[in-house]
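Student:
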Amino acid sequence: MTMNAAAGTEASGSVRGAAGDGAGAPVVLDSLSRSFGAVRALDGLSLDIAPGELVALLGPSGCGKTTALRIVAGFEHADAGSVTVDGRDVSPVPAAKRDMGMVFQSYSLFPNMTALENVAFGLRMRKIAAGQRNKRAAALLDMVGLAPQARQYPHQLSGGQQQRVALARALAIEPRVLLLDEPLSALDAKVRLQLREQIRTLQQRLGTTTLFVTHDQEEALSMADRVGVMRDGRLEQIATPSELYSTPATAFVAEFVGTMNRVPGTYQGNDEVTVLGTVAPVHGEHANVPAGAVDVLVRPEGLTVEAVAAGDGIVTDRTFLGSLTRVSVLLSGDVAVKVDKPSTAAVDLVPGTSVQVGVAGGEPVLITEHK
Numbered sequence: 259m260t261m262n263a264a265a266g267t268e269a270s271g272s273v274r275g276a277a278g279d280g281a282g283a284p285v286v287l288d289s290l291s292r293s294f295g296a297v298r299a300l301d302g303l304s305l306d307i308a309p310g311e312l313v314a315l316l317g318p319s320g321c322g323k324t325t326a327l328r329i330v331a332g333f334e335h336a337d338a339g340s341v342t343v344d345g346r347d348v349s350p351v352p353a354a355k356r357d358m359g360m361v362f363q364s365y366s367l368f369p370n371m372t373a374l375e376n377v378a379f380g381l382r383m384r385k386i387a388a389g390q391r392n393k394r395a396a397a398l399l400d401m402v403g404l405a406p407q408a409r410q411y412p413h414q415l416s417g418g419q420q421q422r423v424a425l426a427r428a429l430a431i432e433p434r435v436l437l438l439d440e441p442l443s444a445l446d447a448k449v450r451l452q453l454r455e456q457i458r459t460l461q462q463r464l465g466t467t468t469l470f471v472t473h474d475q476e477e478a479l480s481m482a483d484r485v486g487v488m489r490d491g492r493l494e495q496i497a498t499p500s501e502l503y504s505t506p507a508t509a510f511v512a513e514f515v516g517t518m519n520r521v522p523g524t525y526q527g528n529d530e531v532t533v534l535g536t537v538a539p540v541h542g543e544h545a546n547v548p549a550g551a552v553d554v555l556v557r558p559e560g561l562t563v564e565a566v567a568a569g570d571g572i573v574t575d576r577t578f579l580g581s582l583t584r585v586s587v588l589l590s591g592d593v594a595v596k597v598d599k600p601s602t603a604a605v606d607l608v609p610g611t612s613v614q615v616g617v618a619g620g621e622p623v624l625i626t627e628h629k
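Counting from 259, one number per residue, gives the positions in the sequence shown under the working numbering.
(1) Locate the beta strand (DSSP E) running through K629, then write down its first and last residues.
(2) Taking buried to mean at least 16 other C-beta atoms within 10 Å of its own C-beta, is T459 buried or exposed?
(3) Quick one: what's got a C-beta closer than 7 angstroms to E501's C-beta in the same chain, skipping five residues either side?
(4) What residue range is occupied by the uninterrupted alpha helix (DSSP H) comprising Y503?
(5) Could you tell me the distance, in whole angstroms, from the CA atom of K448 to the CA atom of G418?
(6) Checking 8 angstroms against the spacing of the C-beta atoms, do L453 and Q421 come in under that value?
(7) Mapping the DSSP letters down to three states, classify K393 as helix, strand or coil.
(8) Take A551 as the anchor and find which of G527, A338, T466 and V566 has the nearest alpha-carbon.
(9) Among A512, A428 and V423, whose alpha-carbon lies nearest the alpha-carbon of D357?
(10) Quick check on the burial criterion: 16 or more other C-beta atoms within 10 angstroms. Buried or exposed for P506?
(11) Per DSSP, which one or two residues make a beta bridge with E530?
(12) Can you tell me which residues form a DSSP beta bridge with A405?
(13) Identify every run of the beta strand (DSSP E) within the region 286 to 348, keeping only runs that are complete inside it and at least 3 residues long; order them along the chain.
(14) When you compare each of A565, P309 and V533 to S612 by their alpha carbons, which one comes out closest?
(15) Can you tell which of A567, L607 and V547 has its C-alpha closest to the C-alpha of D598?
(16) Go ahead and label D439 buried or exposed: buried means 16 or more other beta carbons lie within 10 angstroms of its beta carbon, across all protein chains shown.
(17) How many Å lie between D337 and S293 at the Cα?
(18) Can you list, in chain order, the stretches of the alpha helix (DSSP H) that have 4 or more residues and sit fully within the region 461 to 512?
(19) Within a Cβ cutoff of 8 angstroms, which residues of the same chain sit near P622, ignoring the five residues on either side of it in sequence?
(20) If we call anything under 8 angstroms between Cβ atoms a contact, is P600 one with S581?
(21) What are the boundary residues of the alpha helix (DSSP H) that includes N519?
(22) I need the straight-line Cα distance from T524 to D483, nearest angstrom please.
(23) Whose C-beta lies closer than 7 angstroms to the C-beta of R328 among residues of the same chain, with five residues either side of it excluded?
(24) Judging by CA-CA distance, which residue of Q363, Y365 and A388 is the nearest neighbour of E375?
(25) Please name the residue in V554, Y365 and E476 whose C-alpha comes closest to that of V533.
(26) So, helix, strand or coil for L579, using DSSP?
(27) Express the C-alpha separation of I572 and I307 in angstroms, rounding to a whole number.
(28) I'd like the list of long-range same chain contacts for R492, defined as Cβ closer than 6 angstroms, with 5 residues on each side in sequence excluded.
(29) What are the boundary residues of the alpha helix (DSSP H) that includes V363?
(30) Apart from the five residues just before and just after A568, which ones in its own chain have a Cβ nearer than 7 angstroms to its Cβ?
As structure tokens, then:
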């Protein structure tokens, strides 16, 4: 995307008064489909975003999340389906008239404009008086902590500072919808952490409906009200971060979000599975899984590990994580698992220790067909 196109999108719509007026609009993606030749990028994607909500689309490369964002922005057109904003179908509306702000991975700042001029650009395109637009641009720069850099040019700013200018520019027009296309992926870890906290704080303060696209699960889980995990152009699951982590609906979601162990088990066919000598309840989609040998998916904190003289596994490694220690164990049959245990209780679990691994009592697990 060129700088002009980016700025044109950010310059759309009308100024709405003071920040924080909760002007976010509901956004509905209804049965969106999009193909590029033989590749089906979106396959009937539907998603409702509430006013002021921040929804993250998360998934691997090629899952369709960026295509969905570009269709919402107006940079791509769906083969079928529609996008409505506040009840109005915007599918035929040009990108520059959709009242949306967009922040790209590549910043897209004008190199010949100062930070203040970049932020004020959209307001200038709307014929807002110089005094008023400069005042608002200065307020936005102050809001993102860059008031001292107002007269500096992009090449004089760090990557994180440039991205904050891009965010301020997108917010200057008080858009009803904010679109974020992997805005943090080009930054180092410390700056990413600082900026994602700042984006979330600003988004909540301003009440702007926000769609955030990322491949980074930590970003999605820490920032979003809800996270939609995409695969092959479809939503596998959309839920709150805690629900997505604790009760994933499918094996794909379970293994994509967080760390997950695969352990062989035997499915009884009655919502129970025998795994590691324990009978555990089954949750998630498993209606099509036949009784018999299955793979059981369980988080590191859902397993127990104890040192015993003749256990079913051997500790191969341990990683100190502060209050927790992650213990790597090789079970019989060359099955490797990771178990989280309070660090104070894991001091004796050194490599070479014989251990017994089990499932925490009553911990629900997910099952999938045995690989």
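We put the CB at the ideal spot given by N, CA and C, even for glycine.
Tutor: From the atom records:
(1) Residue 629 sits at position 371 when you count from the first residue of the sequence shown. First-last for K629: undefined, no H or E at that position.
(2) Looking up residue 459 in the sequence shown gives position 201. Classification for T459: exposed.
(3) Along the sequence shown, read from residue 1 onward, the residue named residue 501 stands at position 243. Contacts found: none.
(4) One-based indexing of the sequence shown puts residue 503 at position 245. Run containing Y503: P499 to S504, per the alpha helix (DSSP H) assignment.
(5) Reading the sequence shown from its first residue, position 190 is the one you call residue 448. Reading the sequence shown from its first residue, position 160 is the one you call residue 418. For K448 and G418, the distance between alpha carbons rounds to 10 angstroms.
(6) Position 195 of the sequence shown, counting from 1, holds the residue named residue 453. Position 163 of the sequence shown, counting from 1, holds the residue named residue 421. Inclusion of L453 and Q421 in the CB contact set at 8 angstroms is warranted, their separation being smaller than that value.
(7) In the sequence shown, the residue the question calls residue 393 occupies position 135. It is helical.
(8) On the sequence shown, position 293 is the one that residue 551 refers to. For A551, the nearest C-alpha among the options comes from G527.
(9) For this step, residue 357 is matched to residue 99 along the sequence shown. Among A512, A428 and V423, the Cα nearest to that of D357 belongs to A428.
(10) For the purposes of this step, residue 506 is taken as the residue at position 248 of the sequence shown. Around the beta carbon of P506, a 10 Å sphere encloses 16 or more other beta carbons of the protein chains shown; the residue is thus reported as buried.
(11) Here residue 530 is taken as the residue at index 272 of the sequence shown, counted from 1. DSSP, once it has assigned bridges, lists P539 as partnering E530.
(12) Sequence index remark: in the sequence shown, residue 405 carries index 147 (1-based). None, per the DSSP bridge assignment.
(13) Fully enclosed beta strand (DSSP E) runs of 3 or longer: 297 to 307, 312 to 316 and 338 to 343.
(14) Within the sequence shown, numbered from 1, the residue matching residue 612 stands at position 354. Of A565, P309 and V533, the residue nearest in Cα terms is A565.
(15) Within the sequence shown, residue 598 is the residue found at index 340, counting from 1. Proximity to D598 across A567, L607 and V547 peaks at L607, based on C-alpha coordinates.
(16) Indexing the sequence shown from 1 puts residue 439 at position 181. Buried, by the Cβ-count rule.
(17) Within the sequence shown, the letter at position 79 stands for residue 337. Within the sequence shown, the letter at position 35 stands for residue 293. Their Cα atoms are separated by approximately 7 angstroms.
(18) Taking only runs of at least 4 residues, the alpha helix (DSSP H) segments lying wholly in the region 461 to 512 are 475 to 481 and 499 to 504.
(19) What you label residue 622 is simply residue 364 of the sequence shown in a count that begins at 1. Around P622: T505, A538, P539, V540 and H541.
(20) Within the sequence shown, the letter at position 342 stands for residue 600. Within the sequence shown, the letter at position 323 stands for residue 581. Going by C-beta atoms, P600 is nearer than 8 angstroms to S581.
(21) Against the sequence shown, residue 519 aligns to sequence position 261. For N519, no alpha helix (DSSP H) run applies; the uninterrupted beta strand (DSSP E) run containing it begins and ends at N519 to Y525, by DSSP.
(22) Indexing the sequence shown from 1 puts residue 524 at position 266. Indexing the sequence shown from 1 puts residue 483 at position 225. The alpha-carbon atoms of T524 and D483 are separated by roughly 36 angstroms.
(23) As a working mapping, residue 328 is identified with position 70 in the sequence shown. For R328, same chain residues with a beta-carbon under 7 angstroms away, outside a window of 5 residues either side, are E334 in chain order.
(24) Translated into positions along the sequence shown, residue 375 becomes position 117. Selected option, being the one with the closest Cα: A388.
(25) Locating residue 533 in the sequence shown gives position 275, where the first residue counts as 1. Here the closest residue by C-alpha is V554.
(26) Against the sequence shown, residue 579 aligns to sequence position 321. Look at L579 here: in three-state DSSP terms it is coil, with no helix or strand label.
(27) Indexing the sequence shown from 1 puts residue 307 at position 49. Indexing the sequence shown from 1 puts residue 572 at position 314. I307 and I572 have their C-alpha atoms roughly 48 angstroms apart.
(28) On the sequence shown, residue 492 is found 234 positions in, with the first residue counted as 1. Here the set comprises D301.
(29) Within the sequence shown, residue 363 is the residue found at index 105, counting from 1. The sequence given here has Gln at residue 363, not Val. Counting along the chain, Q363 falls outside any alpha helix (DSSP H), and DSSP gives it neither H nor E.
(30) Position 310 of the sequence shown, counted from the first residue, corresponds to residue 568. Counting only Cβ-Cβ distances below 7 angstroms, and skipping sequence neighbours, we find S612.
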